[in-house]
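What the sequence shown shows, in UniProt numbering, is residues 1 to 452, in sequence order.
Virtual Cβ for every residue (Gly too), placed ideally from N, Cα, C.
What follows is a single structure, written as structure tokens, with notes after it.
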Amino acid sequence: MSFLNHPANAQPSLAMQLKRQLFLLSLALMVIFLVILHWGLNRLTQDVVLARLERQAANLISALVYQTEQQSWQLRTAGIDEIYHRVHSGAYYYIDSEQVQYSSRSLWDIQLTLDKMPLDQQTHYLDTRLQGQTWLVLQQGIQKHNTHFTIWVAEDISELKISIYILEIALVGVFLFVLAIQVSLQQKIILGAFARLTPLQNAITAQRMGETFDLPKNTPQEVTPLVEAIRQLLQTSSAQIKRSRMALGNLAHELKHPLQHLAHISQGLESKEQAQLLQAIYQELHYKIERELKRARIAGTPNPGQYFMPDQEILHIVNFLQMMRETPLDFTYQNLASQGKTQLPFDRDDMLELFGNLLDNAWRYAHQQVRLSWTLEAHQLQAQIEDDGEGVAAASLALLTQRGVRLDEQAGAGHGLGLSICQAIVESYQGELAFQASPLGGLQVNVRLPLP
């Protein structure tokens, strides 16, 4: 989506930031959920097994019978689960007292040493003494017929833990699959939301191309203030630039009459030195005013922000310059449309001022021929303006763009006025303006402008 394209030095894409943040949030929530699920499953497993161990302990307590005649204790195994009779079956018990000790056959050769459990107290813990098994142990102290017993029962929960682990792995896979679907849907939703800003981009592009434009009004509520700010900025800046440029032309036009009056006064002065000084001032001001008026006529109606259409605009400049000469020049122009371009992404008024100045200089000092050629590359535009005039001495080429320097005040020099403005325009686009001798015999001006 073009609205999300950024220059190399711009901040990262807002859409990418949103997608990354939503992905990290979803991932964090998934991890938190899995941690809670892991804790919950293990807790549930322990609770279920402990409940079973408590029932088994109650059965063992019931199976403890005191025989009055023999004055001894007996453990009746008839009511005890068969699993305790198989070696290392995963279910174990041990009963300890000062008089007797009973252990399940499943313990086989495992020797237990138990601490005496306080009366009516109960505890549970995990025991991993048998390799490959994890026992959940329940231990409690009871009293029966004035005899203190410690009841110890255990169950191997290794298989349950493996089952829980497999379940958790499966759930992780399911969550990752759901997360991938969620990210894909989020991307579509985000791009769809940003697509609602495309009319805004199209409107601004239309404005730059000189078309009638109107910023969209059905924008999302969150960006409506931004759209309104852009609307006011475009209208205000466009009006200000138009007023500024038109005022400059009007001012130059209005100053012509006072200057003519100044010239008339200089002719009537008795002092030759004062007359020459006033005449020099008049010539300087007259020259600059005429140049501003010529620039205004070349540029036409100010249209700040519009794209530059060289094949149309250059023809307009050339027609005007041809009318200013008694004998038209031979103008050679390479049509930019032949290179697949009808417009360039540069401000129209800037380009009219740039090429208007350069062509005006070439026209004033050419003998018979002026040539303009374009070279359009992937990332830059190059233009060459050449004339067959007297040219500029190699030692003076570096002075052409210095503000205030006029080489054309000297006979035969022929170039310089306005080139400092051209230099400023080119530099504002991070371009280059260079001068050299032309094969036609005059001056060749090379303009390089990086394409946005």
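- Residue state for Ser72 is assigned as strand, using DSSP reduced to three classes.
- Short of 8 Å from the beta carbon of Leu440, and not among the five residues preceding or following it, lie these beta carbons of its own chain, in chain order: Gln369, Arg371, Glu386, Asp387, Asp388.
- Take the alpha-carbon of Ile317 and the one of Phe435: they are about 22 Å apart.
- For Val426, the enclosing alpha helix (DSSP H) starts and ends at 419 to 428.
- Proximity to Leu167 across Asn42, Glu427, Leu419 peaks at Asn42, based on C-alpha coordinates.
- Nearest to Ser163 by C-alpha distance, out of Leu449, His38, Glu353, Glu313, is His38.
- DSSP, read as helix, strand or coil, puts Gln339 in helix.
- Around the beta carbon of Trp152, 16 or more other beta carbons sit within 10 angstroms, so the residue counts as buried.
- Cβ neighbours of Gln111 within its own chain (closer than 6 Å, five residues either side excluded): none.
- For the pair Gln121 and Gln140, the CB atoms are nearer than the 9 Å cut-off.
- Taking His124 as the centre and dropping the five residues before and after it, the same chain places the C-beta of Gln46, Leu50, Leu53, Leu136, Val137, Leu138, Gln139 closer than 8 Å to its C-beta, in chain order.
- Taken through DSSP and simplified to helix, strand or coil, His148 comes out as strand.
- Going by C-alpha positions, Leu315 is about 33 Å away from Ile230.
- Counting C-beta atoms within 10 angstroms of its own C-beta, Asn146 has fewer than 16 neighbours from the protein chains shown and is therefore classed as exposed.
- Collapsing the DSSP output to three states places Ala91 in a strand.
- When DSSP states are grouped into helix, strand and coil, Ile83 belongs to the helix group.
- In its chain, beyond the 5 residues on either side, Ser103, Leu112, Trp152 have a beta carbon closer than 6 Å to the beta carbon of Tyr94.
- Sequence-distant partners of Val87 (beyond 5 residues in either direction) whose C-beta falls short of 8 Å from its own C-beta, in its chain, are Arg105, Ser106, Trp108.
- By the Cβ rule, the segment 177 to 190 counts as touching the segment 16 to 36, because three or more pairs are nearer than 8 Å.
- Here Ile425 is buried. Its C-beta has 16 or more other C-beta atoms within 10 Å.
- In the structure shown, Ser103 falls within a strand segment according to DSSP collapsed to helix, strand and coil.
- Within its own chain, no residue has a Cβ closer than 6 Å to the Cβ of Arg325 once the five positions on either side in sequence are excluded.
- For Val445, the enclosing beta strand (DSSP E) covers residues 443 to 450.
- Cα atoms of Gly90 and Gln74: separation of roughly 24 Å, rounded to the nearest angstrom.
- With a beta-carbon spacing of about 6 Å, Leu381 and Leu451 fall inside the 8 Å limit used to define contacts.
- A distance below 9 Å separates the beta carbons of Asp156 and Gln133.
- Taking a contact as a CB-CB distance under 8 Å, the pair Met30 and Leu179 counts as one, their CB atoms being some 6 Å apart.
- Secondary-structure assignment with DSSP links Val31 through no beta bridge to anything.
- For Asp81, the closest alpha carbon among the candidates Thr68, Thr332, Asn59 is that of Asn59.
- In the DSSP assignment, Ser97 falls outside any alpha helix (DSSP H) and carries neither an H nor an E.
- Considering only His85, Gln70, Phe177, Gln56, the residue with the shortest C-alpha distance to Phe23 is Phe177.
- Residue environment analysis places Thr150 among the buried positions, since at least 16 neighbouring C-beta atoms fall within 10 angstroms of its C-beta.
- Judged by DSSP secondary structure, Ser373 falls within the beta strand (DSSP E) whose first and last residues are 369 to 376.
- By the Cβ neighbour-count rule, Arg76 is exposed, with fewer than 16 other Cβ atoms within 10 Å of its own.
- Residue pairing from DSSP places His124 in a beta bridge opposite Leu138.
- Rounded to the nearest angstrom, the Cβ distance from Val392 to Leu443 is 5 Å, consistent with a contact under 8 Å.
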